[in-house]
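Residue numbers (this note's numbering), protein chains in the order written: chain A, 4 to 237; chain B, 3 to 236.
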């Protein structure tokens with residue numbers, strides 16, 4: 004039997020490998036098309052099944068063994084380090100501050116992008132001003148209450164209008180898997196810069212590289228201008 | 003092309019035929035273990051809620067990568083081993099299509115199809131899995147050793163990896179449910195043998211070849227050979 008019949012299997016095998024190669028070569032274009040055409044339709048899906056498809060979806064990353072959990076009631080944002088007075092802001096304190104609304108794309112350094120994500124929060128600059136930044140502080144360091152994740156920005160970056168301490172996501176709260184109740188959202192930079200489960204903001208003299216930066220990611224994570232990538236800026 | 007069946011250590015009992023020799027079974031279960039490991043760790047890396055449940059992203063990623071790099075090893079080792087003759091012969095059988103396969107694919111003519119060792123579904127499945135190993139290994143390598151590739155290639159690799167993963171999930175679930183719907187067939191991947199009655203009913207052409215291997219493959223000799231199996235080499 005082995006030497007009779009037509010080699011359909013070999014053709015299908017090579018065809019599939021060709022399909023995979025085409026996918027690798029042109030997948031980026033196809034992905035972009037799918038995300039702009041099919042993505043908005045999938046976004047309306049309420050069953051949650053569409054969220055399984057690899058189109059316009061967030062992929063949830065955490066670096067610790069369990070996903071941290073903290074309720075809005077027990078939540079405290081600590082501001083520490085080179086400040087005039089260390090402060091603790093509750094969830095309600097943050098909600099009482101003037102809100103900033105941003106609708107921007109979310110771009111991951113691993114390639115996926117979610118278009119037009121609606122974020123609500125307070126400008127990091129406002130939070131820093133409440134604590135009062137000392138003259139010798141030049142950087143901001145973020146710590147997650149997952150106990151492991153850290154990130155940082157220069158003070159100039161931190162004062163941008165599109166850098167917010169976020170509590171609102173797509174019209175609702177920031178859910179636990181997306182880093183709630185409160186996380187950073189740094190619009191012009193890759194996702195890894197936006198610390199989830201934000202616990203402490205510390206003013207430091209110099210930039211301290213964060214978790215993924217120890218694994219080789221760029222400290223200045225501008226979308227399209229870092230990590231060897233050329234994405235459209237968010 | 004079936005003479006090497008005699009060298010196997012699995013000497014079938016009377017009334018049974020060797021379907022998968024020891025090498026083939028070991029390769030199958032190594033593959034199965036690697037595939038399941040990859041599918042589960044892949045799901046954890048991909049689905050947010052599962053990531054949330056499991057955490058330990060770095061560890062899960064390492065398991066996924068090690069299993070992925072090992073994926074082609076069982077098959078390649080099996081193919082070069084001396085005892086891999088059965089495997090090599092079956093790879094040939096899986097890749098070649100006989101007219102009866104086409105008959106089987108059409109509902110109208112299915113009853114008349116005299117199948118060889120594998121049905122067309124098994125052939126397509128094996129072909130797809132073989133190609134998927136190549137595509138997943140290539141795209142996965144690009145995703146893991148991302149530094150050497152452009153942005154678009156990385157996104158394309160993720161694209162190909164995602165969609166082939168969907169294909170793998172579908173076909174593996176299909177494969178397992180077909181296996182459980184035919185316990186005799188499933189058992190032969192553990193013990194190696196099937197009853198002659200099963201072979202006669204489900205794979206008549208193969209049955210004839212097995213029982214008739216010392217004569218011409220096309221001779222009508224099933225009645226004689228069914229009553230005196232030739233393969234009792236013990």
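Every residue gets a Cβ at the ideal spot worked out from N, C-alpha and C, and that includes glycine.
Run the CB neighbour count on residue i, radius 10 Å, all protein chains shown included, and call it buried at 16 or more, exposed below.
i                      : result
residue 61 of chain B  : exposed
residue 167 of chain B : buried
residue 104 of chain A : exposed
residue 181 of chain A : buried
residue 216 of chain A : buried
residue 31 of chain A  : buried
residue 217 of chain B : Low confidence applies here, because residue 217 of chain B scores a pLDDT of 48, under 50, leaving its location unreliable; read the following figure in that light. Per the 10 Å Cβ criterion, exposed.
residue 156 of chain A : buried
residue 163 of chain B : buried
residue 134 of chain B : buried
residue 77 of chain A  : exposed
residue 192 of chain B : exposed
residue 31 of chain B  : exposed
residue 18 of chain A  : exposed
residue 157 of chain B : buried
Do we get a CB-CB distance below 7 Å when we pair residue i with the residues of chain A?
i                      : result
residue 141 of chain B : yes
residue 154 of chain B : yes
residue 57 of chain B  : yes
residue 136 of chain B : yes
residue 98 of chain B  : yes
residue 133 of chain B : yes
residue 50 of chain B  : yes
residue 125 of chain B : yes
Whole angstroms are fine: how far does the CA of residue j sit from the CA of residue i?
i                      : j                      : result
residue 124 of chain A : residue 16 of chain A  : 52 Å
residue 38 of chain A  : residue 159 of chain B : 16 Å
residue 204 of chain A : residue 36 of chain B  : 43 Å
residue 226 of chain B : residue 48 of chain B  : Note that residue 226 of chain B has pLDDT 39, beneath the 50 cutoff, so the model's placement of it is unreliable and the number below is only indicative. When rounded, the distance between both Cα atoms is 57 Å.
residue 28 of chain A  : residue 73 of chain B  : 23 Å
residue 34 of chain B  : residue 81 of chain B  : 17 Å
residue 128 of chain A : residue 136 of chain A : 10 Å
residue 200 of chain B : residue 186 of chain B : 8 Å
residue 39 of chain B  : residue 131 of chain B : 15 Å
residue 8 of chain A   : residue 107 of chain B : 16 Å
residue 213 of chain B : residue 43 of chain B  : 44 Å
residue 97 of chain B  : residue 179 of chain B : 23 Å
residue 197 of chain B : residue 169 of chain B : 33 Å
residue 64 of chain A  : residue 114 of chain B : 54 Å
residue 12 of chain A  : residue 231 of chain A : 40 Å
residue 132 of chain A : residue 86 of chain A  : 9 Å
residue 175 of chain B : residue 95 of chain A  : 48 Å
Could you please give the first and the last residue of the uninterrupted alpha helix (DSSP H) stretch that includes residue i?
i                      : result
residue 113 of chain A : Taken as a continuous stretch (DSSP letters only), residue 113 of chain A belongs to no alpha helix (DSSP H), as it is neither H nor E.
residue 161 of chain B : 153-183
residue 151 of chain A : No alpha helix (DSSP H) contains residue 151 of chain A, which DSSP labels as neither H nor E.
residue 119 of chain B : It is not in any alpha helix (DSSP H) - residue 119 of chain B carries neither H nor E in the DSSP assignment.
residue 2 of chain B   : Since the first and last residues shown for chain B are 3 and 236, residue 2 of chain B lies out of range.
residue 188 of chain A : No alpha helix (DSSP H) contains residue 188 of chain A, which is instead part of the beta strand (DSSP E) from 186-189.
residue 100 of chain B : Neither: residue 100 of chain B is in no alpha helix (DSSP H) and is coded neither H nor E.
residue 27 of chain A  : 11-46
residue 236 of chain A : Per DSSP, residue 236 of chain A belongs to no alpha helix (DSSP H) and is neither H nor E.
residue 139 of chain A : That residue, residue 139 of chain A, is in no alpha helix (DSSP H); it is neither H nor E in DSSP.
residue 69 of chain B  : 59-72
residue 47 of chain B  : 24-48
Any beta-carbon of chain B closer than 7 Å to the one on residue i?
i                      : result
residue 19 of chain A  : yes
residue 67 of chain A  : yes
residue 152 of chain A : no
residue 182 of chain A : no
residue 247 of chain A : Because chain A in this structure spans residues 4 to 237, residue 247 of chain A falls outside the shown range and cannot be described.
residue 188 of chain A : no
residue 11 of chain A  : yes
residue 145 of chain A : no
In terms of residue numbering, what span does the beta strand (DSSP E) encompassing residue i cover?
i                      : result
residue 170 of chain A : 166-172
residue 79 of chain A  : 79-84
residue 205 of chain A : 201-207
residue 92 of chain A  : 90-93
residue 20 of chain B  : 18-20
Tell me which residues share the same chain as residue i and place their Cβ nearer than 6 Å to its Cβ, disregarding the 5 neighbours each side in the sequence.
i                      : result
residue 103 of chain B : 122
residue 5 of chain B   : Confidence in residue 5 of chain B is poor, its pLDDT being 45 and thus under 50, which makes the residue's placement too unreliable to answer from.
Who are the Cβ neighbours of residue i in its own chain at under 8 Å, not counting the five residues just before and after it?
i                      : result
residue 107 of chain A : 119, 120, 122, 165, 190 and 237
residue 100 of chain B : 118 and 207
residue 76 of chain B  : 28, 29, 32, 33 and 36
Can you name, in chain order, every residue of its own chain whose Cβ lies under 7 Å from the Cβ of residue i, other than the five neighbours on each side?
i                      : result
residue 148 of chain A : 71, 73, 200 and 202
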